[in-house]
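Down below is the structure, laid out as structure tokens.
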Amino acid sequence: MEKDKILACLNLIKHLPPSKIHHNALALSNLIPDQADELLQRIDKPLEVATDPENGREYIQSEFNRDGDSFRSFWTNKYYPAIEDATYPSDYVRSLEQKANTLFAEYAKLYYQGGVHSTYFWDKEDGGFACAFLMKKEVDQTANIVKGIWDSINVIDVKFDNQKSSDKQRVQYTVTSSVILEMVLKKPEAGDVNISGSLSKSKAVDYLMEDKYVDEFHLRNIGKLVEDVEGDLRSSLDTIYVGKTKESLFKTRSVDGTYIMEKGKMDLAKQLVNMHK
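Numbering (UniProt numbering), first residue to last: 1 to 277.
See the structure below:
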């Protein structure tokens, strides 16, 4: 019964505007105070950007680099504001985090043409590790585009099979990816349009561990998994949100207004959904 309440809240929040997720999440958590902490942890919230005061570079603040009210910057491995007894990744996992951020920077250039990215790694009690690949992309405003935001959250769990069935250890990678999209278009001749929502998808793969170049082995598998799932989510968003909005506009707007709205909407969609170019 308690689990059903959380699932109902999660299903409801998917149908509410992403720009009001923080407000709605708090309101829903007040309805189920005994499960409030679990609910808030499971809700994907729009990503927030901060600046590392030591080097002036931007990084993403999220649940994956938070300790209390402080957030760790992947650039310097320091928490801001500074706190005592903070949680840090082990030396090996931190080295993976640094390599992953270098790799993800190239990924962001290729698929998003910029934006703010952060990758965070942490140790698990079972001996494995987990990581989060985070991306925030804002589209430049134009005469018709008021706002365009794409938040991508990819959480990867890495589990090692200690019961070897062969000479090599088996490694399982499980990714849960979510995309939060918000597009606001304004045109006097056609009115206002807000296309917003979120989608999630999970996928698991496993491989036999390679004896050499272990770091490259992990990063290659994680990168490929994130790339595949994000590609599926981009296609789904194009079909579900942009496609459905297009259909609704044709049914409710005048021919001239629909044409103008459609042109502006597609300009924004090309920048956000078709970021492969």
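Think of the CB as a built atom: it goes at the ideal place given N, C-alpha and C, for glycine as much as any other residue.
On a predicted model such as this, the values are computed, not experimentally measured, just so you know.
Secondary structure of residue i, DSSP reduced to three states
{"i": "F129", "result": "strand"}
{"i": "V255", "result": "Low local confidence applies: a pLDDT of 48 at V255 is under 50, so the model's placement there is unreliable, with the coordinate-based value given in what follows. Of the three classes helix, strand and coil, the one that applies to V255 here is helix, per DSSP."}
{"i": "F160", "result": "strand"}
{"i": "A86", "result": "coil"}
{"i": "K45", "result": "coil"}
{"i": "E58", "result": "strand"}
{"i": "D67", "result": "strand"}
{"i": "K5", "result": "helix"}
{"i": "T239", "result": "helix"}
{"i": "K20", "result": "helix"}
Host beta strand (DSSP E) of residue i (start-end)
{"i": "residue 281", "result": "This structure leaves residue 281 out entirely; the chain is present only between 1 and 277."}
{"i": "Y79", "result": "78-80"}
Residue from the options whose Cα sits closest to the Cα of residue i
{"i": "R42", "options": "G148, F64, F121", "result": "F64"}
{"i": "residue 357", "options": "E84, P53, I83, A86", "result": "With the chain covering 1 to 277 only, the question about residue 357 has no answer from this structure."}
{"i": "A132", "options": "D157, T51, L185, Y88", "result": "D157"}
{"i": "I21", "options": "D140, V139, D44, I32", "result": "D44"}
{"i": "P17", "options": "D69, M183, E106", "result": "M183"}
{"i": "P46", "options": "N55, G68, M209, I180", "result": "I180"}
Exposed unless 16 or more other CB atoms sit within 10 angstroms - verdict on residue i
{"i": "I145", "result": "buried"}
{"i": "S95", "result": "exposed"}
{"i": "I222", "result": "buried"}
{"i": "G127", "result": "exposed"}
{"i": "T119", "result": "buried"}
{"i": "P89", "result": "buried"}
One or two residues paired with residue i in a DSSP bridge
{"i": "W150", "result": "K137, L181"}
{"i": "N194", "result": "V184"}
{"i": "S29", "result": "Answer by DSSP bridge pairing: none, since S29 is not bridged."}
{"i": "L208", "result": "R170"}
Any chain C beta carbon closer than 9 Å to residue i
{"i": "L199", "result": "No chain C appears in the structure shown, which is made up of a single protein chain."}
Delimiting residues of the alpha helix (DSSP H) encompassing residue i
{"i": "Y112", "result": "91-112"}
{"i": "K14", "result": "It is not in any alpha helix (DSSP H) - K14 carries neither H nor E in the DSSP assignment."}
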